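There are 2 protein chains.
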Amino acid sequence: MVKQLDDKLPPLIDHVGWRLWRLARQWKAEFDAGMAARGHGWMAEARGAVVGHLRPGGLSQSALTAAMGISKQAVQQLVDELVAEQIVERVPDPDDKRGKIVRLLPKGIKAIADGNEVKREIEARYAERIGAERLASLNAALDDLAG
Amino acid sequence: MVKQLDDKLPPLIDHVGWRLWRLARQWKAEFDAGMAARGHGWMAEARGAVVGHLRPGGLSQSALTAAMGISKQAVQQLVDELVAEQIVERVPDPDDKRGKIVRLLPKGIKAIADGNEVKREIEARYAERIGAERLASLNAALDDLAG
DNA sequence: ACGTATCGTCAAGCAACTTGACTACATGGA
DNA sequence: TCCATGTAGTCAAGTTGCTTGACGATACGT
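Going line by line, the protein sequences match chains A and P.
Residues in the first sequence are numbered consecutively from 173, following the numbering used here.
Residues in the second sequence are numbered consecutively from 173, following the numbering used here.
Listed below in structure tokens is the structure:
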């Protein structure tokens with residue numbers, strides 16, 4: 173009764189979306205492994221994304237919320253964890269007595285610096301595999317399709 | 173005291189990994205929107221991935237587990253939901269009295285068919301934007317970097 | 001001066017997993 | 001043939017990473 177409907181479904185695997193997800197997941201696995209090897213295993217977890225959005229001057233928690241696209245309560249919980257681990261600190265915003273600035277502590281800065289190194293390594297491996305030119309046009313295509 | 177360490181951190185945004193994630197997320201958002209427009213809003217949630225892994229003949233729950241890379245208990249919970257919504261059915265495996273085969277019901281088959289249509293539409297839009305050739309070489313690069 | 005919006009916080013709830021424990025059946029030797 | 005060991009599915013409970021709701025304190029336009 174369902175048998176006849178079951179026939180000739182196209183393969184589900186041969187499309188850009190699947191390829192994008194596959195490589196994105198692979199890239200993240202490589203990045204996480206590199207970070208874990210440098211002692212920043214926590215970067216693989218949710219609070220790693222917070223650090224990834226912080227800039228040298230620090231950001232208010234609400235700016236962080238806007239940048240990350242998740243709820244302010246979620247951001248707060250993640251920042252709570254990072255504060256407990258001394259990766260970031262919360263300082264009062266001098267321009268807004270309601271606000272607090274989330275700033276990187278040395279541990280967090282080290283993680284970002286190591287992160288950039290790991291990213292460069294992965295990028296170098298990719299360039300070695302398909303050539304710098306093809307990698308550049310991959311990047312260009314990804315940019316042109318975004319937005 | 174942290175000020176001096178804060179200086180000259182490289183930008184965090186200019187690397188393949190970030191571009192891959194950005195476009196992968198965007199692709200998924202487009203796919204989910206297309207599916208929601210066709211009445212398959214549930215495909216955006218976790219149980220959508222289960223349907224995405226099913227093949228015409230059906231799969232045993234353990235095969236599904238292996239294919240999806242999550243725990244068998246997680247698969248079971250997701251299949252429970254799909255059964256309740258009459259998207260799939262669980263039938264006994266004739267070759268293994270312990271096993272059960274998860275098979276698509278018409279609702280699920282329709283979702284897969286519509287899904288393929290949505291994917292083709294997205295792919296067509298992408299080809300229109302950067303040209304069929306660049307899209308083909310994007311796919312090729314994604315394939316060559318995987319694995 | 002006042003109504004309204006925003007910033008951070010506390011609390012509770014939900015989705016999508018996980019690990020642990022268990023029963024029914026399968027399988028490959030002794 | 002019996003038995004040890006392994007696998008398929010299930011039930012229960014716990015964890016993670018979010019969510020929505022409610023709140024006091026502060027900011028800001030009129």
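C-beta atoms are modelled at their ideal positions from N, C-alpha and C, and glycine is treated no differently.
None of these values were measured; they are calculated from a predicted model.
Per-residue DSSP class, three states only, for residue i
i, result
"L277 (chain P)", "coil"
"E261 (chain P)", "strand"
"D178 (chain A)", "For D178 (chain A), the predicted model reports a pLDDT of 38, less than 50, meaning its position is unreliable and no value from the coordinates is stated."
"K269 (chain P)", "coil"
"G189 (chain A)", "helix"
"A318 (chain P)", "coil"
"L310 (chain P)", "helix"
"M173 (chain A)", "In this prediction, M173 (chain A) scores a pLDDT of 37, lower than 50, which makes its location untrustworthy; no coordinate-derived value is stated."
"G287 (chain A)", "helix"
"P183 (chain P)", "Only weak support exists for where P183 (chain P) lies, its pLDDT of 48 falling under 50; the coordinates are left without a value."
Within chain A, the residues that residue i reaches when beta carbons sit closer than 9 Å
i, result
"V188 (chain P)", "L195, W199, K291, I294, E295, Y298, L307, L310, N311, L314"
Amino acids of chain P, ordered along the chain, whose beta-carbon sits closer than 9 Å to that of residue i
i, result
"A318 (chain A)", "R191, R194, L195, Q198"
Within chain A, the residues that residue i reaches when beta carbons sit closer than 7 Å
i, result
"R301 (chain P)", "D316, L317"
field: Every unbroken alpha helix (DSSP H) within the stretch 204 to 245 of chain P, with a cutoff of 4 residues, ordered by chain
entry: Fully contained in the stretch 204 to 245 of chain P are the following alpha helix (DSSP H) runs of length 4 or more, in chain order: 218 to 225, 233 to 240.
message: Whether or not the stretch 189 to 200 of chain P and the stretch 190 to 208 of chain A are in contact is what I'm after, with contact meaning three or more pairs of Cβ atoms, one per stretch, closer than 8 Å; do they touch?
response: Yes, the stretch 190 to 208 of chain A is in contact with the stretch 189 to 200 of chain P.
field: Near-chain A residues of the stretch 232 to 254 of chain P - C-beta to any C-beta below 8 Å
entry: Considering only beta carbons, no part of the stretch 232 to 254 of chain P lies closer than 8 Å to chain A.
task: Pair every Cβ in the stretch 297 to 314 of chain P with every Cβ in the stretch 199 to 211 of chain A, then say whether three or more of these pairs are closer than 8 Å.
output: Short answer: they don't touch.
field: Residues within the stretch 258 to 270 of chain A neighbouring chain P, beta-carbon criterion of under 7 Å
entry: For chain P, none of the residues of the stretch 258 to 270 of chain A brings a beta carbon within less than 7 Å of one of its beta carbons.
- prompt: For the stretch 303 to 316 of chain A against the stretch 201 to 211 of chain P, are there 3 or more C-beta pairs whose distance is under 8 Å?
  reply: Using a Cβ-Cβ distance cut-off of 8 Å, the stretch 303 to 316 of chain A and the stretch 201 to 211 of chain P are not in contact, since fewer than three pairs of beta carbons, one from each stretch, lie closer than that value.
query: Three or more beta-carbon pairs under 8 Å between the stretch 277 to 292 of chain P and the stretch 269 to 287 of chain A, yes or no?
result: In short, these stretches do not touch, since the Cβ pair count stays below three.
- prompt: Is it true that the stretch 269 to 277 of chain P meets the stretch 258 to 276 of chain A, where meeting means three or more beta-carbon pairs spaced less than 8 Å apart?
  reply: Taking one beta carbon from each stretch, the stretch 269 to 277 of chain P and the stretch 258 to 276 of chain A have fewer than 3 pairs nearer than 8 Å; the two do not touch.
query: With a cut-off of 8 Å, do at least 3 Cβ pairs link the stretch 222 to 232 of chain A to the stretch 235 to 246 of chain P?
result: Fewer than three beta-carbon pairs drawn from the stretch 222 to 232 of chain A and the stretch 235 to 246 of chain P are found closer than 8 Å, and the two stretches are therefore not classed as touching.
- prompt: Pairing CB atoms from the stretch 213 to 221 of chain A with CB atoms from the stretch 213 to 223 of chain P, are three or more of them under 8 Å?
  reply: In short, these stretches do not touch, since the Cβ pair count stays below three.
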